[in-house]
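K.L.:
Note that the UniProt record's numbering has the sequence shown beginning at 1, numbered continuously upward. Here it is, the structure, as structure tokens.
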Amino acid sequence: MPTAVLTDRERTAVQAYLRLLHTVRAAFDRETGPPVVPPAVLADAEQALRQAGLTGNEEAFFRLLESWCPEPGP
């Protein structure tokens, strides 16, 4: 499988998304209270996606994400 070379903005968007994903997972792992995602984490991800030109283009974004951080095989 060919590896995509991400631009700096695309890499920033992927990293922001991964930070958001890890924050959400950690929030759901808490045993008390509803999950809370800090607004700054969400805003960071949204801004990074917008700057990379990926807002509203989830298909392209998830292709980048998959090429940069593929799921481990069985």
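The beta carbon of each residue, even a glycine, is placed where N, CA and C say it ideally should be.
Could you name the residues of the same chain whose beta carbon sits closer than 7 Å to that of A60, not counting the 5 residues immediately before and after it, in chain order?
P.N.:
So the list reads L54, once near-sequence residues are dropped.
K.L.:
Can you give me the Cβ contacts of G73 inside the same chain, cut-off strictly under 7 Å, excluding the 5 residues immediately before and after it?
P.N.:
Any reading at G73 must be qualified, since the residue scores a pLDDT of 47, below 50, and its modelled position is unreliable; the value itself is stated next. Answer for G73: no residue qualifies.
K.L.:
Can you tell me where the alpha helix (DSSP H) with T12 in it begins and where it stops?
P.N.:
That run of the alpha helix (DSSP H) goes D8 to D29.
K.L.:
Where does the unbroken alpha helix (DSSP H) through A60 begin, and where does it stop?
P.N.:
Unbroken alpha helix (DSSP H) run through A60: E58 to W68.
K.L.:
For A48, count neighbouring C-beta atoms within 10 Å of its own C-beta (all shown protein chains included) and say buried if the count is 16 or more, exposed if not.
P.N.:
With 16 or more Cβ atoms within 10 Å of its Cβ, A48 is classed as buried.
K.L.:
Indicate the three-state DSSP secondary structure (helix, strand or coil) for V37 in the structure shown.
P.N.:
If DSSP states are grouped into helix, strand and coil, V37 belongs with coil.
K.L.:
Which whole-angstrom value describes the C-beta separation of V14 and W68, a residue pair presumed to lie in contact below a C-beta threshold of 8 Å?
P.N.:
The pair is a contact, with the Cβ atoms about 5 Å apart (cut-off 8 Å).
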